[in-house]
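One line per chain: the protein sequences are F and C, in this order.
Mapping the first sequence onto numbering that gives the first Met the number 0, position 344 (from 1) lands on 343, and the numbers just tick up by one.
Mapping the second sequence onto numbering that gives the first Met the number 0, position 276 (from 1) lands on 275, and the numbers just tick up by one.
Here a beta-carbon is modelled for each residue, glycine too, at the ideal position from N, C-alpha and C.
Source: prediction; values computed, not measured.
Number of protein chains: 2
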Amino acid sequence: MAKAIPSRSENYSEWYNELIKKADLAENSAVRGCMVIKPYGYSIWEKMQRALDDMFKETGHSNAYFPLFIPKSYLSKEASHVAGFAKECAVVTHYRLKNAEDGSGIIVDPDAKLEEELIVRPTSETVIWSSYKNWIQSYRDLPLLINQWANVVRWEMRTRLFLRTAEFLWQEGHTAHATSDEAQAETRQMLDVYAQFAEEWMAVPVIRGAKTANERFAGAEDTLCIEALMQDGKALQAGTSHFLGQNFAKAFDVQFLTKQNQLEYVWGTSWGVSTRLMGALIMAHSDDDGLVLPPKLAPIQVVIVPIYRTEEQLEQLSAKIKPLVQALKKAGVLVKYDDSDANKPGWKFAEYELRGVPVRLAMGGRDLENGTVEIARRDLKTKETVPFDGLTERIVALLDDIQQTIYEKARAFRHENTFRVDTFEQFQEQIEKGGFILAHWDGTSETEETIKEMTKATIRCIPFDQEPEEGKDVYSGKPSKGRVVFARAY
Amino acid sequence: MAKAIPSRSENYSEWYNELIKKADLAENSAVRGCMVIKPYGYSIWEKMQRALDDMFKETGHSNAYFPLFIPKSYLSKEASHVAGFAKECAVVTHYRLKNAEDGSGIIVDPDAKLEEELIVRPTSETVIWSSYKNWIQSYRDLPLLINQWANVVRWEMRTRLFLRTAEFLWQEGHTAHATSDEAQAETRQMLDVYAQFAEEWMAVPVIRGAKTANERFAGAEDTLCIEALMQDGKALQAGTSHFLGQNFAKAFDVQFLTKQNQLEYVWGTSWGVSTRLMGALIMAHSDDDGLVLPPKLAPIQVVIVPIYRTEEQLEQLSAKIKPLVQALKKAGVLVKYDDSDANKPGWKFAEYELRGVPVRLAMGGRDLENGTVEIARRDLKTKETVPFDGLTERIVALLDDIQQTIYEKARAFRHENTFRVDTFEQFQEQIEKGGFILAHWDGTSETEETIKEMTKATIRCIPFDQEPEEGKDVYSGKPSKGRVVFARAY
């Protein structure tokens with residue numbers, strides 16, 4: 000097996016990088032911090048997009064497209080928003096190149112300087128709310144429920160494939176409502192959509208909750224999030240949904256006439272998930288042999304490898320396998336029959352393992368005689384020989400079972416790595432080992448920041464299912480009414 | 000009807016702009032030359048994307064994603080390529096904003112100047128071929144068949160919604176092959192895919208042909224194109240497919256080991272269509288009452304409007320209509336039942352006409368008694384009363400018929416507006432009236448340019464179905480072996 004990757008216990012970070020590279024998911028480009036998403040990686044992202052897009056449409060949203068560029072003055076209109084994004088902006092200042100007069104090559108034409116600089120969107124609230132101003136006049140124009148699939152740029156200094164890149168792909172929902180209640184319900188609804196997607200499609204269990212004031216989106220009144228636990232014990236924020244209050248409506252003067260003919264500012268939300276989900280998917284399930292993909296997001300769900308010595312044998316196998324391929328396709332299964340003679344079966348087995356294909360069938364001469372086939376599942380690495388008859392139904396059921404098993408495994412892992420901690424000594428000890436820590440917090444930013452400085456742990460969220468419990472802050476000892484979720488995070 | 004638009008004969012250009020605005024397809028943004036694609040317009044684009052993407056995948060292509068930014072030095076590597084794009088580039092020079100020290104606001108941080116400027120991609124050949132260098136080693140890595148859906152930026156001075164915007168959405172295919180023949184076959188195959196899409200989905204007949212050397216893509220050996228005729232007699236280039244020869248392979252040193260173990264440069268193609276297709280779709284079919292959409296690209300194919308006086312009547316109508324809606328959905332028809340009481344039927348009729356919904360059903364009290372429904376088709380503006388029974392089958396057949404009728408109408412229009420012209424006097428006279436002119440050309444760039452200067456007509460293409468015919472150049476009188484297609488163009 001030429002493509003071996005480091006083990007997780009050896010070097011988790013290298014395991015992640017090498018896995019992405021060897022499984023042909025993505026790579027760094029020559030442009031600092033920008034990645035190339037390779038075809039196999041992109042095909043997983045496409046499946047994510049399709050599933051999410053269907054869910055957005057079912058909840059009444061439409062897609063639209065807004066400009067890549069944001070005038071500097073727009074970004075500045077909402078004070079905390081610009082403070083949050085100004086430090087990591089790609090800025091367009093000129094609109095032309097020319098040949099240098101001294102013949103030294105192509106240079107930026109100094110005569111082509113823009114009057115106002117343009118920012119490559121780090122997020123689109125400002126440019127979208129400037130459009131909403133023209134789209135919204137009356138309560139009849141509300142709610143406005145729009146989503147955009149787009150690329151965005153944040154000039155991160157330390158980048159990591161999928162998890163943190165200068166350019167990334169995402170969707171950003173931007174909605175406008177007549178009342179605060181309705182906007183808050185939307186904020187929660189979309190977080191629930193994300194949680195459902197993470198759990199049912201990605202097979203990644205998530206905690207739903209609210210961010211502390213410190214961790215809120217720049218310009219939001221409230222930020223809700225879903226948090227997942229990776230195999231190295233670090234948390235990963237997988238999606239956020241923001242209640243914007245009237246902040247952007249006020250910054251862009253978006254008012255509407257109520258039924259009672261009063262002028263009021265509208266209420267906003269925004270919510271997004273990105274190619275970061277790819278990182279979560281990879282890190283949540285994969286093992287030392289490569290990717291483990293939940294069937295619902297696998298570009299190839301079943302691969303069939305014939306094992307043969309002669310051309311004649313291959314023909315006999317193909318005669319049996321090709322109708323199976325058709326039957327599987329008809330049943331909606333994404334199947335690949337790999338009868339190429341460029342590589343040996345052993346190489347193919349390792350390759351499809353690396354790529355996380357959930358089910359592998361192998362069929363040789365003896366199987367032909369016995370009417371059997373070898374079926375292997377990627378998640379558990381088990382193999383069995385089963386009758387060829389009834390295989391389609393068996394595989395459809397098996398894919399469901401794998402989806403469920405992967406999810407249950409991740410849930411069990413999270414359960415084993417979630418700790419109730421009551422002293423700061425225990426806290427410091429546990430945080431080094433990783434996992435979610437449920438601990439009391441006194442509700443102040445000061446304590447939150449001190450704990451972060453001392454342990455590198457942040458409050459991932461105040462969970463929605465927090466149980467009321469009188470207690471004392473794990474650091475300050477001040478009174479607390481419930482536990483929050485701490486962890487080190489990606 | 001509040002939303003009237005100018006007629007085509009009155010002011011074609013204003014008709015186009017107002018139609019886009021009133022039908023809620025798109026609008027100009029505050030960012031110079033960048034448009035906002037509104038939900039209704041975007042839903043048409045999504046249908047185009049889905050259909051094209053399926054065709055790309057059927058022909059063996061995979062999607063991937065490459066960086067938005069191109070280092071200036073990359074763009075410069077292929078000489079004619081940079082010459083073609085340098086004059087219209089958005090250039091990123093800085094990566095941070097900061098508060099001005101004098102408190103005057105947010106400014107570009109002069110300390111955050113990039114060492115090398117980044118160009119916002121106007122097209123991605125350079126950044127993609129720089130990746131291909133690492134992806135291609137041997138003939139076994141070929142062909143490499145990749146497509147990207149992306150936004151690109153060309154700093155156009157005069158912009159027009161959908162037809163010419165600074166930022167636009169498109170797909171760009173980039174393929175690499177072992178032989179020139181194979182790359183040329185790919186170039187032609189993808190042009191045929193575009194032609195099929197234009198004719199079968201957009202209902203726009205196109206001429207397939209090759210561009211003259213003057214009109215080739217910057218960096219291509221050969222550019223193939225499809226050309227459509229708009230209702231004002233101007234041509235619109237709807238898609239291009241380029242044979243790149245070994246130009247980019249040489250610029251980025253992409254070589255492969257042949258089966259014979261020889262190092263050779265690979266052969267490339269690139270091909271793209273963009274949101275410009277939206278402009279072609281609008282201009283090819285629409286009329287003075289609004290959009291006319293071919294059913295295959297209509298976000299709503301059938302709208303049903305109830306006509307009632309009392310709540311009770313509405314209930315009776317709904318009891319009859321709702322099962323029809325279900326039956327239509329089951330048959331794959333995109334149907335909307337508009338029972339909102341915010342607007343009168345007359346307003347709704349005008350609104351859906353404006354939006355180009357292919358079929359409108361209206362049902363009132365008398366229809367209920369008689370078991371009938373009024374059915375109106377958008378393209379011919381005909382109405383008839385038909386039995387309610389058997390409606391689903393009738394509508395499915397009608398949608399097919401409308402698709403075909405729209406295409407035939409556009410074909411007839413093109414036929415009536417295609418002229419064989421043999422003298423330059425005739426040429427000058429005809430070009431003022433518009434249409435495709437089939438005329439002899441001596442094959443020189445000089446003549447081509449002179450004709451362009453004198454008449455604003457360009458050679459749209461040398462058509463593939465050009466008949467061999469001895470003749471004399473319409474301007475120079477020099478010998479020619481066949482007619483080419485001239486027109487004024489968008």
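Secondary structure of residue i, DSSP reduced to three states
i      : result
F/Y474 : coil
C/N133 : helix
C/L24  : coil
C/H173 : strand
F/G208 : strand
F/S72  : helix
F/G40  : helix
F/S285 : coil
F/R359 : strand
C/H241 : strand
F/L18  : helix
F/N246 : helix
C/N342 : coil
C/N416 : coil
C/A396 : helix
F/Q465 : coil
F/L271 : It should be noted that the sequence gives Gly, not Leu, for residue 271 of chain F. Three-state DSSP puts F/G271 in a strand.
C/E254 : In the sequence as presented, Glu is not what sits at residue 254 of chain C; that position holds Gln. Three-state DSSP puts C/Q254 in a strand.
C/E9   : coil
C/V332 : coil
Contact set between residue i and chain C, taken where Cβ atoms lie within less than 7 angstroms
i      : result
F/A89  : V91, Y94
F/P344 : Under the 7 angstroms cutoff, chain C gives no residues; its nearest Cβ is about 18 angstroms from F/P344.
Partner residues on chain F for residue i, Cβ-Cβ distance less than 7 angstroms
i      : result
C/I36  : A63, Y64
C/K86  : R95
C/G145 : Rather than Gly, the amino acid found at residue 145 of chain C in this sequence is Ile. Near C/I145 (Cβ distances below 7 angstroms), the residues of chain F are P38.
Beta-carbon proximity list for residue i, same chain, < 7 angstroms, skipping 5 on both sides
i      : result
F/Q147 : N62, A63, Y64, F65, S123, Q170, E171
C/D472 : H439, W440, D441, T446, S479
C/F463 : R207, G208
F/F242 : A182, Q183, T186, A219, E220, D221, T268
8 angstroms Cβ cut-off: residues of chain C touching residue i
i     : result
F/V30 : P66, F68, I69, P70, L117, V126
F/C33 : P66, L67, F68
F/Y41 : S61, N62, A63, Y64
F/E45 : N62
Same chain only: Cβ atoms within 8 angstroms of residue i, ignoring 5 sequence neighbours per side
i      : result
F/P121 : F84, E87, C88, V151, V152, R153
F/H60  : L144, I145, N146, G172, T174
Proximal residues of chain F, C-beta to C-beta of residue i below 9 angstroms
i      : result
C/S129 : S28, A29
C/R139 : A341
C/S75  : L96, G104, I105
C/V81  : L96, I105
Where residue i meets chain C, residues with beta-carbon distance less than 9 angstroms
i      : result
F/A297 : Near F/A297 there are no residues of chain C at all, since even the closest Cβ is about 15 angstroms away, more than 9 angstroms.
Cut-off 6 angstroms between Cβ atoms - residues of its own chain near residue i, not counting five sequence neighbours on either side
i      : result
C/K477 : D441
C/M156 : none
C/H80  : A217, G218
TODO: Can you give me, in chain order, the residues of the stretch 1-22 of chain F that have a beta carbon less than 8 angstroms from any beta carbon in chain C?
DONE: none
TODO: Would you check if there are 3 or more beta carbon pairs closer than 8 angstroms linking the stretch 95-115 of chain C to the stretch 131-143 of chain C?
DONE: no
Open item on the list: At a CB distance below 9 angstroms, what residues from the stretch 150-178 of chain C approach chain F? Give them in sequence order.
Closed with: N150, V152, W154, A165, E166, L168
Open item on the list: Assess contact between the stretch 381-393 of chain F and the stretch 172-182 of chain F, defined as three or more Cβ pairs (one per stretch) separated by less than 8 angstroms. Is contact present?
Closed with: The stretch 381-393 of chain F vs the stretch 172-182 of chain F: no contact.
Task: Residues from the stretch 336-363 of chain C in contact with chain F, defined by Cβ distance under 9 angstroms - done: A341
Task: the stretch 206-221 of chain F touching the stretch 43-50 of chain F, judged by at least three CB pairs closer than 8 angstroms - done: Cβ pair count under 8 angstroms is below three, so no.
Open item on the list: Could you check whether the stretch 452-464 of chain F touches the stretch 252-272 of chain F, counting it as contact only if at least three pairs of C-beta atoms, one from each stretch, sit closer than 8 angstroms?
Closed with: No contact exists between the stretch 452-464 of chain F and the stretch 252-272 of chain F.
TODO: Taking 8 angstroms as the threshold, find out whether the stretch 356-375 of chain C comes into contact with the stretch 286-303 of chain C through three or more Cβ pairs.
DONE: yes
- [ ] Spell out a yes or no on whether the stretch 317-330 of chain C and the stretch 404-415 of chain C are touching, meaning 3 or more CB-CB pairs, one atom from each, closer than 8 angstroms.
- [x] no
Task: Any 3 or more C-beta pairs closer than 8 angstroms across the stretch 327-339 of chain C and the stretch 298-314 of chain C - done: yes
Open item on the list: Assess contact between the stretch 306-315 of chain C and the stretch 24-43 of chain C, defined as three or more Cβ pairs (one per stretch) separated by less than 8 angstroms. Is contact present?
Closed with: no
- [ ] Report yes or no: do three or more beta-carbon pairs, one from the stretch 201-208 of chain F and one from the stretch 224-233 of chain F, lie closer than 8 angstroms?
- [x] yes
- [ ] Would you check if the stretch 99-109 of chain C and the stretch 231-242 of chain C touch, i.e. whether three or more CB-CB distances between them fall below 8 angstroms?
- [x] no
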